[in-house]
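Have a look at the structure below, then the notes.
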Amino acid sequence: MSVTIASDVGGTFTDVVLLGGDGTVRVAKTLTTPADPTEGLLRGVAQVIGDAGAAPADVTRFVHATTLATNVILERTGVPVAFVTTEGFRSMLALGRQARVEEDRYDLAYVQPDPPVPLALTYAVPERIGADGAVLRPLDEDAADAVARRIAADGVAAVAICLLHSYRNATHEERLAEIIAARLPAGVPVVTSAAVWPEIGEYERATTTLMSAYVGPVMASYLERLGARLAALGVDAPVHVMESAGGVLPAALAASRAVYTIESGPAAGVIAAARQGARHGLADLISFDMGGTTAKAGLVRGGRPGITHEFQVGGKGSFGGRRPGTGVPIKVPAIDLAEVGSGGGSIAWADAGTLRVGPRSAGADPGPACYGRGGTLPTVTDADLVLGYLAGFGEFALDAGRARAAIAEHVAGPLGVDVVEAAAAIHDIANAQMGAAVHVVTVRRGIDPRGFTLVALGGAAPTHAVRLAAGFGIARVLIPPQAGVGSAVGLLHADLAIERARTFLAPVNELTSCSASAGGLRDLADAFDALEDAARADLSATGDAEVTRSVGVRFVGQAHAFTVDLPPGPITPGTVQRAAEEFYKRYHESYGIDLRDPAELTTARVRVVLPAGEHAPPAPPGAPAGTGGARRVWLDGAFREVPVHDRAACAGEFAGPCVVTEPQCSLLVPPGWRGTVTAEGALLVEPDAGGEA
Amino acid sequence: MTDDRLTAEILRNALCVAAEEASIVVVRSAYSAFIVEGADAAAAILDARGRLVAHSLSTALIQCASLRSALPHLLKAHPAAAMRPGDVFVLNDVYQGGIHANDLLVFRPVFVDGAPAYFTGTLIHVADLSGLSAGGMASDATDVYLEGLQLPPVRIATADGLVDDMVAVLAANSRTPGKLVGDLRALIAGANVAARRLDEIIEAHTPAGLARGVEDYLAHTEARMRAGLAALPAGTGRGAYVLDDGHRIAVEVTSDGAGGLTVDFDGTDEQVPLPVNSGFSQTHGGVMYAVRCFVDPALPMNEGCFAPVDVKVPLGSLLHCTRPYPGGGRFGAVAAAEEAVLAAVTALRRAGGVAASGILQAFSISGVHRPWLHMAFDLGGSGARRDHDGADATGALFGGGRNIVPQVEPVEARLPVRVEEVALIPDSGGRGRTRGGLGTRTVLRMLEDARVDTRGDRLLRPPPGAAGGEPGRAGGYYRLRADGTREPLGTKATRQPLAAGEALVVETSGGGGYGAPAGRDPAAARRDAADGRTA
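Top to bottom, those sequences are chains V and D.
Counting from 0, one number per residue, gives the positions in the first sequence under numbering that gives the first Met the number 0.
Counting from 0, one number per residue, gives the positions in the second sequence under numbering that gives the first Met the number 0.
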């Protein structure tokens, strides 16, 4: 028997899913063990293997999503890194590009964030490449060697190099890396910016390179430890790690390109939603992934998740989005999503007479008050329990008494309202915060969410999803099988994939006019070929692969480009012209400006995908004993007795109001909505005809 | 009750998001050299009474104050009853809420029951709109007409599209007509997007619901603002700041102890026939910035913040210029006003002095033989605070950050200049128990013949320290000859030649130090030395 295991380590829960060769699915939800995440993970792995009656050796693929890279950057727990740049620009990282936005601007006590590398570990070497790639000043090798000796004396664990215009000409970076590596102990990574992400914009390229060096060794040792623990259990399948754009990377590549994994976990949820949508013939989806610590919303249009090439780690949130200029910019592609620091574990508190929820989370330890693990502060989960929306989370029995006590002491008392009223307000505010994430990926981008289907993933999502949808006039909510561990399910089917890109600046008319130099087109074709070769080498892909080529296009004189796909086949004046036409069209759609000014190409991108192959769709899990019965649930200002259905026993249609429970989550169907069990085992919740939604 | 509160929260967010979306649309579709590589656009939502309801996140307060100040002038020139759906207006008049020729303000009314009930507004520094120097930074403009084309509030678009005659006049008055028209389109697109969002909000919440929500939002903000200001003791504090040219800004801040504040600039020097004056809107924005520093920084910026603060600025003074006195170089005067208010409020609180900050230093470089333009600014170091060192090279007093400073590679890819250095200047922060933030040095080598305009302050009189702290190092502008000779350019130089092979050096001032330098923590001194912040 051949089985695949997928695992998603979140801030609160670690989800593990096993897919058997026959399509059977086993699920484990364990508490995340922050000190060593492999501990909680291995507990889950052992559990699903045991439940499935499989042998560890049966596991042929192990797919993993981890927030390790993000956490290392946010918590600044990476390895000591030295940074080397062009003479004259040693202050590059210290100056940064932090925008002072919102409250920072008025804060007399504003303290500049420390640069990601202390100035004392930042070096500059005499050399210079011009914007056209020409060598203006040769690399001073003696000076470079002197820097190498000082770096060796610093005892750093990695080195990042970013020289000006290396995206055009990487020879200085490569030679400098050799000189430095020669002075360092074997195995100390020396990372060059042209190898990591050769795009114009020295600061972003530098931080991307730096973060790769900073996180890489931590990721490498984590994956080594994970590999060893799996091997000790008898699992010797290759480990694949989810990357930010929705593919997976071999473990070795994930370690050397750690920045590619920053959005590892969140990306899995969007991929899962896209897959569920495809099964149901739904192409326009909003993935809504709500766990214990955060909630994320992503957009799938025409079956494809949106991809962004500019995001920030640790950026200051604004309406659930990430504001450019406030965090550490990372240039590698990532699934475009909005995240709010609000989940089931978010703590509710009274702040000068108003009720606030989050951003602090009770996490896994101590967890919400109702877990009875020492938490005494009220959380969204506690509120949901008091309102009757939840009964228990799998093996976690929930203690409603503790939930009530926590809300009474910290929210209801200080605000002078009763406990249920306070709980309802906490639930509503959490919904409003989730709404901010959905808003960012839809309304804020001029996209009307009403034609979309909301896909609920994560332990807390089904409890909130339908009301969230109602708030946006969304008339369809899909709860996939195993929704409570939906991200991990998404990993089961992820393809091996990587993207490579480089700056390619050229006016469109030079590539398309009759007098166009064939040279320009050949340069573009060569750039694509080189990128494809490099991407195939990353994945050790020799044979069939899906290759997507795209270009950045913008108006000459503007700074922001749109990414436009090119058709397969040769690069011709016609293909470039069609890309320009597509750009004009999208510019008009986005900004309402119908403009045909001269455009230019900015970037060449190649994405290589090795499809994982179709698996049998997961069969519904073995049904545990149903709870059934009825429960008092707070709806529209009063408690009402509503039916409780066990999801495993659900068939056909069910009318709201009701609650549908399963081991990892609990679906609230408010009055005016009704659910259907689809042929694929998902629950589809829609308003009654003429209903309130 | 919970439902109401929730609705209010949703509504408030929707308004802020609408403004934010407008600013993003402007940034992404503009051509101005100022905007494309970094700086932000301002966008706001106001009501027909001229009250500021919401604005985009990164908007500098002086820009936000400009949009707020200008709307009543627009309504005077074009009564609401004469406005029709689809109308869009533009202006730049410094005496009617504007800033200077190159800062275009665009407004679009949003109709409820057939009459304008709200306005959306956008503002950016556009590419070029006539005047003595390309880019609009001529420091020898002795009157407003030399600064650029003057635009009273005029209709620039209707439901039928752009008013072509107006656009033709504007284009004919720009050295870079294509970019100017592009910027205008971007501003209109931003105002249109916000208007569309507002229409959706009105549809979702009903006109009455929105009106009630706006009232509650502004009232709630005002209550919080007053509560914050009530922490200031009753009484009067005085402050002053002297500009490089010797002109003096004086202010008295009087607190009634119950949340009301009067800020009176009586005693400030008279306006001068050079672009160092400030229009009223800019001074007002500066005052609000300084006052906001003493209340909860997380307060939303809307009319509720303005309401408790009464600002009195003598007409015809340096901070409230009248026709034809120019206002384009206002940020030096506004920063001085901010510094004076910070000092006055600090005196009122009997909380020691305020170490001053280096400010932004603007410059523009334009081609001699063909039209190209680079406009940018570098930022000075912040003054040290009592408990911590000043921030290096940030947009203190202006509400921006480094993000507005372009990166080197895109500039070199676009323009005939080579950037040779962008670096913190060691020892530029004023010494003290806590150290002032550092200034920066930028060296731009010309690859073609060019001309440069500069516009800085606190270069002849560097930012003073406080409580025994030393002043920051004075910055300046310099021409670096091909042979390495360095010559000072004026702090407000105009169209100075820079031959191919010569370089412009821009050095920003460091912030003042706080407290006696002898009191500096030895560990902090060692860290500064290791980082190269001190030599």
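Note that beta-carbon positions come from the ideal geometry of N, C-alpha and C, so glycine has one too.
Taking 8 Å as the CB-CB limit, is residue 391/D close to chain V? yes
Beta-carbon proximity list for residue 123/V, same chain, < 6 Å, skipping 5 on both sides: 84, 86, 89
Using a Cβ-Cβ distance under 8 Å, would residue 334/V count as near chain D? no
Would you say residue 551/V lies against chain D (beta-carbon separation less than 8 Å)? no
Which complete beta strand (DSSP E) runs does the stretch 10-50 of chain V hold, if anything under 3 residues is left out? 12-18, 24-30
Report the start-end ranges of each alpha helix (DSSP H) in the stretch 386-422 of chain V that is 4 residues or longer and not cut off at the edges. 399-406
Does the beta-carbon of residue 157/D have 16 or more other beta-carbons within 10 angstroms, so that it is buried, or is it exposed? exposed
In the structure shown, what three-state DSSP assignment does residue 136/D receive? coil
If you compare alpha carbons, which of 524/D, 457/D, 14/D is closest to residue 247/D? 457/D
State the DSSP-derived secondary structure class of residue 142/D, mapped to helix, strand or coil. coil
Would you say the stretch 56-70 of chain D touches the stretch 270-286 of chain D, given that touching needs at least three Cβ pairs under 8 Å? yes
Which residue wins for smallest C-alpha separation from residue 31/V, given the options 338/V, 682/V, 186/V, 43/V? 43/V
Chain-ordered neighbours of residue 106/V on chain D, where CB pairs are closer than 7 Å: 296
Neighbour-count burial assignment, residue 12/V, 16 or more Cβ in a 10 Å radius: buried
Can you tell me which residues form a DSSP beta bridge with residue 363/D? 374/D, 452/D
For chain D, is any of its Cβ atoms less than 8 Å away from the one on residue 473/V? no
For residue 372/V, the nearest candidate out of 344/V, 350/V, 355/V, 357/V (CA to CA): 344/V
Cβ shell of residue 620/V (< 6 Å), same chain only, five flanking positions each side left out: Caution is warranted here: a pLDDT of 48 is assigned to residue 620/V, below 50, making its placement in the model unreliable, and the coordinate value is therefore given only provisionally. Cβ neighbours of residue 620/V beyond the five flanking positions: 24.
Close beta carbons around residue 624/V, own chain, < 7 Å, minus the five adjacent residues each side: Only weak support is given to the placement of residue 624/V: the predicted model assigns it a pLDDT of 41, under 50, and the question is left unresolved by the model.
Cβ atoms of residue 289/V and residue 426/V: under 8 Å apart, would you say? no
Work out the CA separation of residue 181/D and residue 448/D for me, nearest whole Å. 27 Å
Quick check: what's the CA-CA separation for residue 692/V versus residue 24/D? With a pLDDT of 42 at residue 692/V, under the threshold of 50, the predicted position of this residue should be treated as unreliable, though the coordinate-derived value follows. For residue 692/V and residue 24/D, the distance between alpha carbons rounds to 32 Å.
Could you list which residues in chain V have their beta carbon closer than 8 Å to that of residue 191/D, in chain order? 591
Nearest CA to the CA of residue 469/D: which residue from 353/D, 363/D, 132/D? 353/D
Neighbouring residues, chain D, relative to residue 668/V (Cβ below 9 Å): Within chain D, no residue comes near residue 668/V; the closest Cβ sits about 21 Å away, beyond 9 Å.
Residue interval of the beta strand (DSSP E) (run including residue 330/V): Counting along the chain, residue 330/V falls outside any beta strand (DSSP E), and DSSP gives it neither H nor E.
Would you call the stretch 289-309 of chain D and the stretch 422-436 of chain D touching, i.e. three or more CB-CB distances under 8 Å? no
In the stretch 16-89 of chain D, which residue ranges form an unbroken alpha helix (DSSP H) of at least 4 residues, counting only runs that do not cross its ends? 32-35, 60-76
When the Cα atoms are used, what is the spatial distance from residue 1/D to residue 424/V? Any reading at residue 1/D needs caution, since the residue's pLDDT is 42, under 50, leaving its predicted position unreliable; the model's value is listed next. Going by the C-alpha atoms only, they are around 6 Å apart.
Within a Cβ cutoff of 6 Å, which residues of the same chain sit near residue 460/V, ignoring the five residues on either side of it in sequence? 287, 289
Sort out for me which residues DSSP pairs residue 241/V with in a bridge. 247/V
Where does residue 322/D fall in DSSP's three states? coil
In the DSSP assignment, what are the bridge partners of residue 495/D? 451/D
Residues of its chain near residue 677/V, where Cβ-Cβ distance is below 7 Å and the 5 sequence neighbours each way are ignored: 279, 683
Counting Cβ pairs, one atom from each stretch, are 3 or more of them under 8 Å apart for the stretch 134-146 of chain D and the stretch 484-503 of chain D? yes
Excluding the five sequence neighbours on either side, which residues of its own chain have a C-beta within less than 6 Å of the C-beta of residue 264/D, listed in chain order? 250, 312, 318
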